[in-house]
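Undergrad: First the structure, which I've put down as structure tokens, then a few questions once you've had a look.
Residue numbers (our numbering): 48 to 369.
What follows is the structure, given as structure tokens:
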């Protein structure tokens, strides 16, 4: 039985969905620290904001929504297509603590209330999370529940993005050792965090495809993730190349994902290009990549309306609407 949403949260998810289907085809460009590293060291704030605006402005013509950040994204949000929904990130870039004990901090002075007032459709929160991290996992789940309450108080849906990492500083995330445990970590993360009240999970692909080429195993892991999650989930691209991400998106959408929320797999080459080269790339290569992914989502993804339904209409509904 689908869960009934409040008007704002339901409208927020609808405005972030493809017009012809209740699935997501969202462009992510909320990078800050990593974005600076992609650009020349002497690039000014104005340049970073301008380039982000050019990329988002072009791709928002067809994406169901755009995810960006308050630091460099205001110009982009003001110039993007009105046909696309807007998601705004809430967390600070990066993490505090060491590499095996990663704590999430929110952007000072930035709240769901301000995100609502800025005209956004939804909030995005990213956390570094490992279900085996004990007290830190408990602390992060408490933080998530607090953010959920704040978002829902302003009738905004929350997209929650948990990023896995190794609890052993001697084992890198991109190692074969972590790849062996990654499916279990990602699936258990979905199980635990979907219970915290976020409206949509933005999940990593369960397998590290450098070490797993078995597409049957990919689909099985994605199906297990879908079974574990009590909320709809979308696939993030994690900076992989488009040719790697496309088959991941196909496997995920065929196995229960409600679409994708992807960034660098679509647009990353554009950031360092000249103005004219960037415009040509966005109008050709990046747009073609996006269309291929949108076709996958529209044809194979699970509608988020399998999980949620609209509130009932009545003559005096607004009197009790908090």
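Positions of the beta carbon are idealized from the N, C-alpha and C atoms, including for glycine. Keep in mind the model is a prediction, meaning the values are calculated, not measured.
State the Cα-Cα distance for the pair residue 298 and residue 165, rounded to the nearest angstrom.
TA: For the purposes of this step, residue 298 is taken as the residue at position 251 of the chain shown. For the purposes of this step, residue 165 is taken as the residue at position 118 of the chain shown. Pairing residue 298 with residue 165, the inter-Cα distance amounts to about 35 Å.
Undergrad: Kindly indicate if chain C contains any beta-carbon less than 8 Å away from that of residue 262.
TA: In the structure shown, chain C does not exist; there is a single protein chain.
Undergrad: How many Å lie between residue 115 and residue 75 at the Cα?
TA: The residue labelled residue 115 in the question sits at position 68 within the chain shown. The residue labelled residue 75 in the question sits at position 28 within the chain shown. Roughly 6 Å between the two C-alpha positions.
Undergrad: Pick from 190, 56, 251: whose alpha carbon is nearest that of residue 25?
TA: The question about residue 25 has no answer, for the chain in this structure spans 48 to 369.
Undergrad: Just reading off the alpha helix (DSSP H) that residue 74 is part of, what are its end residues?
TA: Taking the first residue of the chain shown as 1, we reach residue 74 at position 27. Counting along the chain, residue 74 falls outside any alpha helix (DSSP H), though it belongs to the beta strand (DSSP E) covering 71-76.
Undergrad: With residue 326 and residue 85 assumed to form a contact (beta carbons below 8 Å), what rounded beta-carbon distance in angstroms separates them?
TA: As a working mapping, residue 326 is identified with position 279 in the chain shown. As a working mapping, residue 85 is identified with position 38 in the chain shown. Rounded, the Cβ-Cβ distance is 18 Å, inconsistent with contact.
Undergrad: With a threshold of 6 Å on Cβ separation, who are the neighbours of residue 122 within its own chain once the five nearest residues in sequence on each side are excluded?
TA: Stepping through the chain shown from its first residue, residue 122 is reached at position 75. Taken in chain order, the residues that qualify are 96, 100.
Undergrad: How about the stretch 210-222 and the stretch 237-247: do they share at least three Cβ pairs that are nearer than 8 Å?
TA: no
Undergrad: Apply the 10 Å Cβ neighbour rule to residue 129 and answer buried if 16 or more other Cβ atoms are within range, or exposed otherwise.
TA: Position 82 of the chain shown holds residue 129. Flag for residue 129 reads exposed.
Undergrad: Looking only at C-alpha atoms, which of 346, 291, 216, 293 sits nearest to residue 144?
TA: Position 97 of the chain shown holds residue 144. Residue 216 is the option with its Cα nearest to residue 144.
Undergrad: Less than 8 Å between the beta carbons of residue 110 and residue 133, yes or no?
TA: Against the chain shown, residue 110 aligns to sequence position 63. Against the chain shown, residue 133 aligns to sequence position 86. Not closer than 8 Å, so no.
Undergrad: Quick one: which unbroken beta strand (DSSP E) runs of 3-plus residues sit fully inside the stretch 111-148? Chain order, please.
TA: 112-115, 132-136
Undergrad: Could you spell out the range, first to last residue, of the alpha helix (DSSP H) harbouring residue 84?
TA: The sequence position of residue 84 within the chain shown is 37, counting from 1. It spans 80-85 - the alpha helix (DSSP H) in which residue 84 sits, taken as one unbroken run.
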